[in-house]
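The listed protein sequences correspond, in order, to chains A and B. Going by our numbering, the first residue of the first sequence is number 1, and it counts up by one from there. Going by our numbering, the first residue of the second sequence is number 198, and it counts up by one from there. All C-beta atoms in this analysis are idealised placements derived from N, C-alpha and C, irrespective of residue type, glycine included. Every value quoted in this text rests on a predicted model; they were computed, and no experiment measured them. I have placed the structure first, in the form of structure tokens, so that the comments after it can refer back to it.
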Amino acid sequence: MKTILSRPVYGTLSPQAGKSHLLIADAEGASAILDLAKKAPEDFFANAHIMFIPGRTGDSFQNALKALKPAQYYEGPSVAAALPRLTWVLANAHMGLRMYLAGTEGLIGQMMQAALEAGIDPASIQTEHRGSWARRMQCVHCKGITENVTTQPATCSHCGLLLLVRDHYSKRHAAFQGVCINAEDPTEIPQKEEIFR
Amino acid sequence: MSAGTNKLNVTVTEVVAVNELVKRFHFERTDGGNLPTFSGGAHVVVEMRDGDITRLNPYSLMSSPLSTRDYTISVRRDDVGRGGSLFMHNRVKRGMEMVISYPVNLFSLDLRAKKHLMIAGGIGITPFLAQTAQLASYGGNFELHYTCRSEALGSYSDVLRERYGNRVSLYLDERNERIPLERLLATQPLGTHIYVCGPAGMIKWVRDSAAAHGWPDDAVHYEHFAAPQPGTPFDVKLAVSGLEIRVGEQQSLLEAIEAAGVDPPYLCRGGVCGQCETNVISYDGTFKHNDHWLSDEEHCSGKKIMPCVSRFEGRSLVLER
Ligand code: FES
């Protein structure tokens, strides 16, 4: 699908040469880690740290991830809860750290943002999309962030405007830009369609 | 004429013997005034007119980018090379007028880095003198590890130590000291970039080790000018200009093309920038590739040559030039 330049593109995780590995996933993103594990050298997980946010997948992936025997394993309820840990991990990390992000765009974007802020080189980060295409959206009018947007248009959870969710993506905010869809005539209310699944 | 080949008329204002092998040259604009600004890591191409031979050799600027009153370079004497360094050592005197190119930087600092880790071998120290001055001017974070044969040949190690204290570490072959590369690579904070300038073997060692430690390529910078090597003379047909030329033993292919009155593009004259890349139309013989620009496949393909450093041996060579 051809779209605008800022729309992130994701790849496929594969084990990289490195001294330590930080793997972060939410929900179905866990399966990307499990797939990477099939290709990884034997001692890979001895220097690995897995951070997992199960979300809608409940407890279906935990055991498989723990069975990889990572040096450290963390599980948290949300991206927001995991971020302070990530910041702390990165503050103490050294060059040679490789990062692997898998799952929803919201997770990938926010973790990436924190990582770049910590000074990690983008070339050290791999990403793979799995699971929901729900978007993290920033309202360009009130600047409020709405998580898990699945419809087009979508209502801003802060100011209530009806927003067109654009492919225009801000790395700095780790969010897609939402622009008022009926500014000319607020009485015109286009039908919402569930498209980001 | 290619970018970066704009010329500057300069006068040699000082020649200083730094040690047994290295001399330093200071240049000022012949017409007075300031020289163009540059950033740490930049080089200039110095024209050496030696009878009817003109040599053009690249040298890193080592003076502080904060002052453009003069440019300084350091030249290590190479007794078996093609004579460029010998010309500088034996013939260039204070007061002499020379022509140099505008500065070009193919080894610049990545200023997004949180820390700069510099590795220098021998005369490879020169670009770092300019880079450290640039970084120090605004409190940039750097560490310099410098290896050389002996205390006496460690050009500028004293100056660097005095300026930057223990941010500079010196390793001497005569004392069997070696850069603790493994430890350095393993202990750098995120956002560190590494820079290496020195002999080819050292650059390879650093690049390979960094890759094995998981450093991304973007964070690894290196500069290695391959000096053009002398070799057996050979004949070349220049298809576009319709000329037939002979490349002399002490001449590079690029110099021979220039001597024939053709003005091909170049920037570094050291096989690293890619500017001089030339298509081969046909050949019968073997290429002596010396550049760091073409890939191994391209070297084997017989389709391209970098005339600034590479040569040819055989019956015929036709270039698209
Ligand atoms: S001039 Fe730079 S590679 Fe030849």
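Return yes when at least one heavy atom of ligand 3 lies under 7 Å from the C-beta of residue i, else no.
i	result
residue 466 of chain B	In the structure shown, ligand 3 is absent; the only ligands present are ligand 1.
Hey, would you say the C-beta of residue i is under 7 Å away from at least one heavy atom of ligand 1?
i	result
residue 281 of chain B	no
residue 471 of chain B	yes
residue 488 of chain B	yes
residue 505 of chain B	yes
residue 419 of chain B	no
residue 353 of chain B	no
residue 299 of chain B	no
residue 256 of chain B	no
residue 463 of chain B	yes
Under DSSP, the beta strand (DSSP E) around residue i begins and ends at which residues?
i	result
residue 208 of chain B	204 to 214
residue 138 of chain A	135 to 139
residue 223 of chain B	219 to 226
residue 298 of chain B	294 to 298
residue 517 of chain B	Unbroken run through residue 517 of chain B: none, as it is neither H nor E.
residue 149 of chain A	145 to 149
residue 389 of chain B	389 to 394
Which first and last residues belong to the alpha helix (DSSP H) in which residue i is found?
i	result
residue 398 of chain B	397 to 409
residue 286 of chain B	281 to 288
residue 173 of chain A	Run containing residue 173 of chain A: none; DSSP gives neither H nor E here.
residue 159 of chain A	From DSSP, residue 159 of chain A is part of no alpha helix (DSSP H); its letter is neither H nor E.
residue 496 of chain B	493 to 498
Quick one: residues in its chain with C-beta nearer than 8 Å to the C-beta of residue i, no 5 flanking neighbours on either side, listed in chain order?
i	result
residue 375 of chain B	344, 368
residue 436 of chain B	478, 515, 516, 517, 518
residue 251 of chain B	244, 245, 452, 455, 456
residue 85 of chain A	51, 74, 76
residue 228 of chain B	206
For residue i and residue j, what's the separation of their Cα atoms in angstroms?
i	j	result
residue 320 of chain B	residue 93 of chain A	34 Å
residue 190 of chain A	residue 164 of chain A	10 Å
residue 89 of chain A	residue 30 of chain A	20 Å
residue 501 of chain B	residue 447 of chain B	22 Å
residue 475 of chain B	residue 490 of chain B	12 Å
residue 378 of chain B	residue 204 of chain B	40 Å
residue 262 of chain B	residue 337 of chain B	14 Å
residue 5 of chain A	residue 440 of chain B	47 Å
residue 69 of chain A	residue 272 of chain B	56 Å
residue 208 of chain A	residue 153 of chain A	Limits of chain A in this structure are 1 at one end and 197 at the other, which puts residue 208 of chain A out of reach.
residue 145 of chain A	residue 156 of chain A	8 Å
residue 322 of chain B	residue 493 of chain B	29 Å
residue 158 of chain A	residue 9 of chain A	28 Å
residue 278 of chain B	residue 109 of chain A	54 Å
residue 499 of chain B	residue 511 of chain B	13 Å
residue 356 of chain B	residue 230 of chain B	27 Å
What residues in its chain sit with their C-beta under 6 Å from that of residue i, if we drop five residues either side in the sequence?
i	result
residue 24 of chain A	51, 101, 111
residue 7 of chain A	167, 169
residue 185 of chain A	none
residue 467 of chain B	255, 422, 423
residue 513 of chain B	481
residue 359 of chain B	none
residue 389 of chain B	312, 314
residue 403 of chain B	316, 393
residue 425 of chain B	449, 506
Leaving out the 5 sequence neighbours to the left and right, which residues in its chain are closer than 7 Å to residue i when beta-carbon positions are compared?
i	result
residue 397 of chain B	421
residue 199 of chain B	Reliability of the predicted coordinates at residue 199 of chain B is poor, the pLDDT of 49 falling under 50, and the value obtained from them is presented with this limitation in mind. The residues are 462, 463, 464, 472.
residue 216 of chain B	349, 350, 352
residue 523 of chain B	Beyond the ends of chain B as shown, which are 198 and 518, falls residue 523 of chain B; an answer cannot be given.
residue 179 of chain A	140, 163, 164, 166
residue 103 of chain A	25, 26, 27, 28, 29, 130, 131
residue 161 of chain A	139, 141, 180
Measure from the C-beta of residue i to each C-beta in chain C and report whether the shortest distance is under 8 Å.
i	result
residue 86 of chain A	The structure shown contains no chain C; its protein chains are A and B.
* Mind pulling the beta strand (DSSP E) runs of 3 or more residues that sit fully within the segment 26 to 87 of chain A? -> 48 to 53, 72 to 75
* Contiguous beta strand (DSSP E) assignments of at least 3 residues, all confined to the segment 408 to 475 of chain B -> 417 to 420, 431 to 435, 440 to 444
* Inside the segment 301 to 382 of chain B only - beta strand (DSSP E) runs reaching at least 3 residues -> 312 to 318, 339 to 345, 365 to 369
* **Segments of 3+ residues assigned as beta strand (DSSP E) that fall wholly inside the segment 233 to 288 of chain B** => 239 to 247, 250 to 257, 268 to 273
* To do: Would you mind listing the beta strand (DSSP E) stretches within the segment 93 to 127 of chain A that are 3+ residues and don't spill past its ends, in chain order?
  => 97 to 103
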